Amino acid sequence: MSSPPGSRSAPGAGREADMAAVPGAQGAPGGPAVLAPAAAGDGTGPDVRLEVIGLEVRLASSAADVVSEVSFSLRSGEVLGLVGESGSGKTTVALALLGHARRGLAITAGQVRLHGVDLLRLGPSQLREARGRTAAYVPQDPAAALNPALRIGTQLREALTAHPGVTPDVPARIAEVLAEARLDAGTDLLRRYPHQLSGGQQQRVALAMAFCCRPSLIVLDEPTTGLDVTTQRHVLDTVRSLCRSYGVTAVYVSHDLAVVAELVSQVAVMYAGRIVELGPTAEVFRSPAHPYTRGLLAAAPSPERAEILVGIDGQPPRPGSRPAGCSFAPRCGYAIEACSAEPPPPVQTGSRLVRCIRAATIRAAARERTPVRPLASARPATLLSVRGLAAHYGPAQVLSGIDLDLAPETCLAVVGESGSGKTTLARCIVGLHAGWAGELTFDGAPMAAGTRRRSREQLRRIQYIFQNPYTSLNPRKTVGQIISQQLGHFTQLSFQQRSARIRQVLADVALDAGFASRYPDQLSGGERQRVALARALVVEPDLLVCDEVTSALDVSVQAVIIELLRRLQADRSLAMIFITHNLALVRSVAQTAVVLRDGRIVESGPVSDVLERPAHRYTARLMRDIPRLTAGAPPESSRSPAGH
Amino acid sequence: MAAQAGSGAARPAVPAGGPGEMAAYRMRRHQWLATLGAAARTRRGTVGLTLSGLVVLTAALGPFVAPYSPTAFVTVDFAPPTARFLLGGDDLGRDVLSRVLNGGWVLLLMAAAATAFGIIVGTTAGVGAAYLRGRSDGLIMRTVDVLLAFPQLVFALLLVSIIGPKLWLIVIAVGMSHAPAVARVLRSATLDVCERDFVKSAELQGLGPTKIMVREILPNLVSPLMVEIGLRLTYSIVVIAGLAFLGFGQQPPAPNWGTMINENEIALTVNPWGVVVPTILIALLTIGTNTFTDAIARVAIGVERPPDEAALIDDIGGREPVRLP
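So this is what it looks like as structure tokens:
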């Protein structure tokens, strides 16, 4: 079972020992010894709290592996970040840590040893006893995880009374955890229902529920996805302080590298169901050794620098159709022939474990970042002008006193948190929302409210890209039909001319002509968003309104789309309104920015001014709260490597 | 056998466990065929399709194989079965077998027509109400409420007794009795579809409401429509056969399963076949269509879908909280 440092176990021979590491790692200077000694049999040293060995999850129907050879170990108080894009299997691993597999999946091999007890070998009642008591889970969407029909107090009590041995004084414990989760118990919080709380409060309640039995392991599955940056900052602080004060071992699942960078001491990057790189956070992000980690880092936008984002082309392979060799090889710029021969074994270098045979080369290679070349300053003319716009939904006022000017061929970023009215603003401009007053002038001509009262030419010249490409394409139409319908409506082209235009626009968004006969559900999220772009561009608009167009996409795909938008804007002399909650993205795409808060513009100006020298304290706060990849050393690293 | 016919029709739509890519592509093109095929291959669907298929075959081919004219007096009143008259004679000495074989197709056609009528009217009303919202919604749905307040069968009886037992009238009356329920179901299904962005995208093109409803929304209502069609067909069969039993339908001497039950019930002890066989056929037909509809519904909502790995894999790994359709 034990393999000497650096030795390559034959593929498949040592599944259990694979990721379980190497004696040498323990003493590595600077690197906390997360990796358990290799002798799996008695490897559970006194300080190793969670040890995962050769975890494997397969599809129940076809036995294709969804997750395999996942091994790591954590000491008490250590937080592991499990990062990866959708489909990488990170949530599957997270659930498997509590002995759970979703319907259709089965845990087929491996051990999850918590305090030396293998959770996967427990019977149903023992497992129930362990869940919540010793191992707790915080789900991604607290709104769905809390029972809408029960009061918060009832749900918290339930979590405690399910494990009677935890504490004799339930109300006292509830007050205690609420304070720890920074929830104000003084109000009638316990008597409220989940829908009466904000998203951030709901997530704190979920945290309080997870921490109330003082578990020794807590699994957090993207707990801040969907929260605003400021709320996210607060939740992250809460998680950090809770883990620290109780020495809880935590596994934090996230798709957001920056979030992980600030919180965790160890990071495991997952790709196609395997951990491809595992090591101390700061080190992994400073000098990534796996090409996938490298790609993810290059794709992540930064609020500090205006630079070209480099995405990763292609898609991760699906379970059952993973290539024989390295799963990443087909998308990898460093791939050589040997890569597709056999799955790369994990290689230990220093405190790092990497599944790449070219890790040394890659680590040595310089990481280049290309700054965005500023667009030549645009003509002084005004394409779109908004004066005193006030919008309402029924009696609720959503926007008021909005003044905007957009020059031709420039990109304006509209930034704000959820509920700030940024989507409403976009919908007023394109005509989807008719309940507004004020003045909207496009190219000198006033625009009416609502699409029905606008001319066909106005409709053509302003195109809108929806946030969610999963609903913006009719699933019953082919890509060709979707684009052709748009063309047929706005132009009088012959069939041949139309087909030529469709081929051309598909090429412009980097899709080949074969996509025209596909249906949306055969496309990935990024491809769908490109089709939506093609549908807008095919009628040659002057203004493109992009509403959070990348928020439903993975970071590597987001980079590709942003880069595409930037290029198209320059090539086609487009004006663009780019709506986003992600301040980091603004830098890479826009020239000017406005910051919206509660339906009012609090700040506007050139992007660099707004981001670097925010005049309004709201903008300053947003900038401060963005998690950063480069933010010094994560707080945990201040502790000694040995831990405790 | 019937099941094979079903899956044969859907052959291009469903792969035999092949790689998902091409299959998914074809699925879209004929989604209704794919659903039918998938339903036919469930146990429930096979049973349902077989039962209703047998009855439909009897009704459709019966007139060509019937040994005697259905209206000819060929034997004694209520004659018990013999080798020449396998099911004996009816109240006027006509061959029961011949009348059974001839008595189904009009009933089936009427049921199909009534279903089609009800579905078309109901779908138009429901989709229109949901998409147009506002006043149209209020007007349509209140009308639906009023129609629903009438007892279905009594309403049909009332019309027929006023105007007379015309077949077209029965078809319309039964169809109209379905429309409100269909409208309600389709309205709620449409509300869901309307929320999706591709509908707004069509509005941004300046497409008119009719085009949006027909081109964008309707193709996304295939599943609920298929379930409704099945349910309504079952119901139509029962109601139309029932009306015929009460004397509203084809008039004597035309053969009709419903009428036959009425004609021959007095001699249940002498020659029961004149009652039992039509009853069994109607029962088998409704049980069959109902069971098959159940299979369609289960396939459509995914309770009994053949394991679809693609769907499962989509679920793997965290995704941003996107509301998927």
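Chains as they are written, first to last, in this note's numbering: chain A, 1 to 644; chain B, 1001 to 1325.
Ideal Cβ positions, reconstructed from N, Cα and C, are used throughout, including at glycine.
Note that the structure is predicted; figures quoted are calculated from it, not measured.
Problem - Whole-angstrom C-beta distance between CYS213(A) and ALA136(A), which should lie under 8 Å - result: Yes, they are in contact, since the Cβ atoms of ALA136(A) and CYS213(A) sit about 7 Å apart, within 8 Å.
Practice task
State yes or no: is the beta carbon of GLU1326(B) nearer than 8 Å to at least one beta carbon in chain A?
Solution key: In the structure as shown, chain B starts at 1001 and stops at 1325, and residue 1326(B) therefore has no counterpart that could be examined.
Problem - Collapsed DSSP secondary structure at LEU59(A) in the structure displayed - result: Three-state result, LEU59(A): strand.
Practice task
Output the boundary residues of the beta strand (DSSP E) element that contains MET1176(B).
Solution key: In this chain, MET1176(B) is not harboured by any beta strand (DSSP E); it is covered by the alpha helix (DSSP H) spanning 1167-1194.
Practice task
Could you name the residues that DSSP lists as bridge partners for GLY252(A)?
Solution key: At residue 252(A) the sequence reads Tyr, which differs from the Gly that was named. GLY81(A) and LEU220(A), per the DSSP bridge assignment.
Practice task
Report the partner residues of MET270(A) according to the DSSP bridge assignment.
Solution key: MET270(A) is bridged to ILE275(A).
Exercise for the section: Compute the Euclidean distance between the alpha carbons of GLU176(A) and THR161(A), then round it to the nearest angstrom. Expected result: A direct Cα-Cα distance of roughly 16 Å separates GLU176(A) from THR161(A).
Handout entry: Validate contact between the segment 435-443 of chain A and the segment 383-395 of chain A using beta carbons, cut 8 Å, 3 pairs
Key = A contact exists between the segment 435-443 of chain A and the segment 383-395 of chain A.
Practice task
Could you please tell me which residues of the segment 478-506 of chain A, in chain order, have their CB closer than 9 Å to any CB of chain B?
Solution key: Cβ contacts with chain B: THR478, ILE482, GLN485, GLN486, HIS489 and PHE490.
Exercise for the section: Measure the CB-CB distance between SER420(A) and LEU596(A) and report whether it falls below 8 Å. Expected result: In contact: SER420(A) and LEU596(A) (Cβ atoms closer than 8 Å).
Problem - Coil, strand or helix - GLY605(A) by DSSP - result: Looking at GLY605(A) - three-state DSSP - the assignment turns out to be strand.
Handout entry: Sub-8 Å separation of GLY1230(B) and ARG1184(B) beta-carbons
Key = Contact: no.
Problem - Beta-carbon neighbours of VAL430(A), restricted to chain B and to distances below 8 Å - result: Near VAL430(A) (Cβ distances below 8 Å), the residues of chain B are LEU1204.
Exercise for the section: Please report how far the alpha carbon of PRO124(A) lies from the alpha carbon of ARG49(A), in whole angstroms. Expected result: Between PRO124(A) and ARG49(A), the C-alpha separation is close to 22 Å.
Practice task
Give the range of the beta strand (DSSP E) segment to which GLN397(A) is assigned.
Solution key: Per DSSP, GLN397(A) belongs to the beta strand (DSSP E) from 396-406.
Exercise for the section: Please state whether DSSP places LEU95(A) in a helix, a strand or coil. Expected result: It is helical.
Problem - Within chain B, partners of PRO330(A) - CB distance below 8 Å - result: In chain order: nothing, as chain B lies at least about 16 Å away.
Practice task
Could you tell me which of LEU412(A), THR382(A), ILE357(A) and LEU425(A) sits nearest to ILE402(A), measuring between CA atoms?
Solution key: Closest option to ILE402(A), Cα to Cα, is LEU425(A).
Handout entry: Rounded distance between the beta-carbons of GLU1263(B) and ASP1091(B), thought under 8 Å
Key = Cβ atoms of ASP1091(B) and GLU1263(B) come within 8 Å of each other, at about 5 Å.
Problem - Whole-angstrom C-beta distance between GLY1088(B) and TRP1273(B), which should lie under 8 Å - result: With 8 Å as the limit, TRP1273(B) and GLY1088(B) qualify as a contact, their Cβ atoms being about 5 Å apart.
Handout entry: Reference SER327(A), options VAL66(A), ARG131(A) and TYR252(A), closest by Cα
Key = Looking from the CA of SER327(A), the closest CA among VAL66(A), ARG131(A) and TYR252(A) belongs to VAL66(A).
Problem - CB contact check: LEU1243(B) to chain A, cutoff 8 Å - result: Put simply, the CB of LEU1243(B) is far from chain A, with every gap to its CB atoms at 8 Å or more.
Problem - Proximity to GLY1048(B) [Cα-Cα], best of ALA1297(B), VAL1299(B), ARG1298(B) and THR1291(B) - result: Residue THR1291(B) holds the alpha-carbon nearest to the alpha-carbon of GLY1048(B) among ALA1297(B), VAL1299(B), ARG1298(B) and THR1291(B).
Practice task
Check the C-beta distance from CYS411(A) over to GLN591(A) and give it rounded, since I have them as a contact under 8 Å.
Solution key: That pair is a contact at about 6 Å.
Handout entry: CA-to-CA distance, VAL386(A) to GLU603(A), given in whole angstroms
Key = GLU603(A) and VAL386(A): Cα-Cα distance of roughly 15 Å.
Exercise for the section: Under 8 Å by Cβ, that's how I've got THR580(A) and GLU548(A) pegged, so tell me the actual separation to the nearest angstrom. Expected result: In this structure THR580(A) is in contact with GLU548(A), their Cβ atoms being roughly 6 Å apart against a cut-off of 8 Å.
Practice task
Would you mind sorting PRO1252(B) into buried or exposed? The rule is 16 or more other CB atoms within 10 Å of its CB.
Solution key: A residue is called buried when at least 16 other Cβ atoms come within 10 angstroms of its Cβ; PRO1252(B) does not meet this threshold and is exposed.
Practice task
Taking GLY200(A) and VAL253(A) to be in contact with their CB atoms under 8 Å, please state how far apart those CB atoms are, rounded to whole angstroms.
Solution key: Actually they do not touch by this definition, with Cβ atoms about 19 Å apart.
Handout entry: Contact list for ARG1196(B) against chain A, beta-carbon separation under 8 Å
Key = Residues of chain A with a Cβ closer than 8 Å to the Cβ of ARG1196(B) are, in chain order, THR471 and SER472.
Problem - For LEU574(A) and SER1236(B), the rounded distance between their alpha carbons - result: Each residue's alpha carbon lies about 58 Å from the other.
Problem - Element boundaries [alpha helix (DSSP H), containing GLN558(A)] - result: Per DSSP, GLN558(A) is one residue of the alpha helix (DSSP H) stretching across 555-572.
Exercise for the section: With DSSP as the reference, please indicate the residues paired to MET576(A) in a beta bridge. Expected result: CYS411(A) and LEU544(A), per the DSSP bridge assignment.
Practice task
Closer than 8 Å by beta-carbon distance: list the chain A residues that pair up with LEU1335(B), in chain order.
Solution key: Residue coverage of chain B in this structure runs from 1001 to 1325, which leaves residue 1335(B) outside it and unanswerable.
Practice task
Kindly list, in the order they appear in chain B, the residues whose Cβ is closer than 8 Å to that of LEU459(A).
Solution key: Correct list: LEU1204, GLN1205 and GLY1206.
Handout entry: Closest Cα partner of TYR1068(B) within the set PRO1081(B), PHE1085(B) and SER1052(B)
Key = Of the listed residues, the one whose Cα sits closest to TYR1068(B) is PHE1085(B).
Handout entry: Any chain A beta carbon closer than 8 Å to PRO1219(B)
Key = Contact with chain A is found for PRO1219(B), since one of that chain's Cβ atoms lies less than 8 Å from the residue's Cβ.
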